[in-house]
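Asks: Converting from the sequence shown to the numbering used here requires adding 190 to each position, the first position being numbered 1. We treat Cβ as the ideally placed atom computed from N, Cα and C, and that holds for glycine.
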Amino acid sequence: MEQKKPKSEMTKRYILCMIGLFFSALGVAMTKRGELGVSPISSVANVMSLQFPVLTLGNWLIIWNCVLILGQIVILRRKFQWIQLLQIPLSFLFGYFTDFGMWLFAWTSSDLYPLRLVNIAAGTVLLGFGISLCVIANAILNSGEAFVKAISDTIHKDFGILKICFDVSCVVIAIVLSLIFFDFTIQGTREGTIIAALFTGFVIKFFTPRLRNPLTAILTGSARKQEESL
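Here's what the structure looks like:
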């Protein structure tokens, strides 16, 4: 049985999770400024923000994440852990952070295609870095991964395969919505979406093993304990 973590450690883990959300949101905002598409999980909200600009991209991300949380409740029913409702305030934070990033990176918008690709590359790195921090924090899953896990636990299928299926499904939904809203043209989902889908995982694999040990030492206080024992 897993030992319950001390409150001080859990507090630090939630703080690290929020920092990770901040960088992830900045990554989404920067890829959005490239106007070549966003990450798969954000693609539906991106298309909705183009069709209904009265709400910001951050607002639509909040709505989309809440839909995914509701989906978890429907799928898991009595097995749903109510602690997972913490995904709701985290979803609001992610939406607000995204809108802040849109303001922060407004100056990076450009009509030059190479500069747009730079935005996509930088945004993918920020997104992967933020996800790495959330993975290391191990506090609470974001709504997208939690939704996939709910399906995985229910139908007993591999999480990794279902995550790929989920990402593809998000892109397909975004494309269908775009075809409906924009006279059978694809808007908001382009090569940037493919780049983010292909390379975010590599960025996560780069940062996570390099940051895990030092950050875990801070989270658990093991570095301080070692100093006190000397």
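Where Ala340 and Asn403 are concerned, what is the direct C-alpha to C-alpha distance, given to the nearest angstrom?
Replies: Approximately 29 Å between the Cα atoms of the pair.
Asks: Could you tell me which of Ser214, Ile330, Ala364 and Ala407 sits nearest to Ile376, measuring between CA atoms?
Replies: Of the listed residues, the one whose Cα sits closest to Ile376 is Ala364.
Asks: Could you check the C-alpha separation between Ile278 and Met200 for me, to the nearest Å?
Replies: About 18 Å.
Asks: Assuming Val228 contacts Gly382 under a Cβ cut-off of 8 Å, what Cβ separation, rounded to an integer in Å, is found between them?
Replies: Sure, about 7 Å apart at Cβ, within 8 Å.
Asks: As a quick exercise: from Phe290, Ala387, Gln262 and Asn236, pick the residue whose alpha carbon is nearest that of Gly334.
Replies: Looking at the Cα atoms, Gln262 is the closest of the given residues.
Asks: Would you kindly work out how many angstroms separate the C-alpha atoms of Cys256 and Leu388, rounded to a whole number?
Replies: Taking the straight line from one Cα to the other gives about 26 Å.
Asks: Determine the closest residue to Ile357 out of Thr246, Thr406 and Thr379, with distance taken between C-alpha atoms.
Replies: It should be noted that the sequence gives Asp, not Ile, for residue 357. Closest by alpha carbon: Thr379.
Asks: Write down the C-beta distance between Met292 and Ala219 rounded to the nearest angstrom, noting that I regard them as a contact closer than 8 Å.
Replies: Correct: roughly 5 Å between the Cβ atoms.
Asks: Answer yes or no: do Leu316 and Phe213 have a C-beta to C-beta separation smaller than 7 Å?
Replies: Yes, the Cβ-Cβ distance between Leu316 and Phe213 is below 7 Å.
Asks: Below 8 Å CB to CB, which residues in the same chain sit around Asn236 once its five sequence neighbours on both sides are set aside?
Replies: Lys222, Gly227, Val228, Leu247, Trp250, Ala364, Gly378 and Thr379.
Asks: Three Cβ pairs or more, each shorter than 8 Å: is that satisfied between the stretch 294–307 and the stretch 367–376?
Replies: No, because fewer than three Cβ pairs between the stretch 294–307 and the stretch 367–376 fall closer than 8 Å, the two stretches do not touch.
Asks: Thinking C-alpha only, which one of Tyr204, Ser198 and Gly210 is nearest Ile321?
Replies: Considering only alpha carbons, the answer is Gly210.
Asks: For a test of the three-state rule: what should DSSP assign to Asp289, helix, strand or coil?
Replies: Helix, per DSSP.
Asks: What residue range is occupied by the uninterrupted alpha helix (DSSP H) comprising Asp301?
Replies: It is not in any alpha helix (DSSP H) - Asp301 carries neither H nor E in the DSSP assignment.
Asks: My assumption, with CB atoms under 8 Å, is that Ala407 sits in contact with Thr288. Please give the rounded CB distance.
Replies: Not really, about 31 Å apart at Cβ, beyond 8 Å.
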